[in-house]
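K.L.:
The structure under discussion is supplied below as structure tokens; questions concerning it will follow.
Numbering (my numbering), first residue to last: 8 to 308.
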């Protein structure tokens, strides 16, 4: 009797978390810092079963159908970077997804990092894992700062700056923050291109927006996140105003934020590229209304 993958013990496994960004989106592509945290409740796990047979990939979990459509093209491109072919691999790779793609949680980075660590385990990747994973992630976004890859790889809160050494930090306390889905996906590549168009058409205006986001990040860092409630509200609102100025806040996002504020949220901002995806919200206490409460994802669980 052949033992199924579900009951076999894997030879190697890894779990790669998603991410959420407190501040620094988009401006991070042009030299600003970004404050980013791993989101361990949303992840991609990979398990490898070593066999002397044709290489296979099986996918299960959230957004499995999305992954199935892209997985082989991504793997083939990664193998090309390694000067390998699919026939050079053996065994079974099982991927389980507990993260939504196109929602601003860094799902493409979890796949890029997961595959990078898999190739590293096989001994075929000899180069810097960050640079290799970023190259894979660029397949999705065209151009990425590398912030999602960095936090997925290191799995620690960090201050990220493009082409600079990561600064890791520990936090003893943050206010009550939750993530919630707006109901619409945000396509990172489209959002990045929209901001680039603004830079081309109105460079001075675009510079002002970048400086505003940069100021939010610098203020968070210099205050060590130890602010009054009103200071948190002011800075989250200031970061959100950047998304509004970039025209990345469609009606469905506005409606979602209005719903949160009516239920007691003190402030809301998009996290990720914008135009949909997830919203970060600040609360005095979790809302008692069961349906809304069930939608809210704690940032540290």
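All residues carry an ideal CB built from backbone N, CA and C; glycine is no exception.
Given a threshold of 16 other Cβ atoms within 10 Å of its Cβ, counted over all protein chains shown, does residue 242 qualify as buried or as exposed?
P.N.:
Numbered from its first residue, the chain shown carries residue 242 at position 235. Residue 242 comes out buried.
K.L.:
Report the rounded CA-to-CA distance for residue 152 versus residue 306, giving the unit in angstroms.
P.N.:
Taking the first residue of the chain shown as 1, we reach residue 152 at position 145. Taking the first residue of the chain shown as 1, we reach residue 306 at position 299. For residue 152 and residue 306, the distance between alpha carbons rounds to 22 Å.
K.L.:
Count the other CB atoms within 10 Å of the CB of residue 139; is the residue buried (16 or more) or exposed (fewer)?
P.N.:
On the chain shown, residue 139 is found 132 positions in, with the first residue counted as 1. Buried, by the Cβ-count rule.
K.L.:
Return the bridge partner residues of residue 278 from the DSSP annotation.
P.N.:
If you number the chain shown from 1, residue 278 lands on position 271. 285, per the DSSP bridge assignment.
K.L.:
Let me know the secondary structure DSSP gives residue 221 once reduced to three states.
P.N.:
Residue numbering aside, residue 221 sits at position 214 when the chain shown is read from its first letter. Residue 221 falls in the helix class under three-state DSSP.
K.L.:
Sort out for me which residues DSSP pairs residue 105 with in a bridge.
P.N.:
As a working note, residue 105 is residue 98 in the chain shown. Beta bridge pairing from DSSP links residue 105 with 50.
K.L.:
What residue does the beta strand (DSSP E) around residue 184 start on, and which one ends it?
P.N.:
For this step, residue 184 is matched to residue 177 along the chain shown. Per DSSP, residue 184 belongs to the beta strand (DSSP E) from 183-188.
K.L.:
Considering only the beta carbon of each residue, do residue 287 and residue 250 sit closer than 8 Å?
P.N.:
Indexing the chain shown from 1 puts residue 287 at position 280. Indexing the chain shown from 1 puts residue 250 at position 243. No, Cβ-Cβ distance for residue 287 and residue 250 is not below 8 Å.
K.L.:
Looking at the structure shown, is residue 21 part of a helix, part of a strand, or coil, going by DSSP?
P.N.:
The residue you call residue 21 lines up with position 14 of the chain shown. Assignment of residue 21 by DSSP, reduced to helix, strand and coil, places it in the strand class.
K.L.:
What are the start and end residues of the alpha helix (DSSP H) that includes residue 302?
P.N.:
Here residue 302 refers to the residue found at position 295 when the chain shown is read from its first residue. Run containing residue 302: 297-302, per the alpha helix (DSSP H) assignment.
K.L.:
Out of 234, 196 and 26, state which residue places its alpha-carbon closest to the alpha-carbon of residue 282.
P.N.:
Counting from one through the chain shown, the residue named residue 282 turns up at place 275. Residue 282 has its Cα closest to that of 196, out of 234, 196 and 26.
K.L.:
By a C-beta neighbour count over all protein chains shown, 10 Å radius and 16 as the cutoff for buried, is residue 93 buried or exposed?
P.N.:
On the chain shown, position 86 is the one that residue 93 refers to. By the 10 Å Cβ count, residue 93 comes out exposed.
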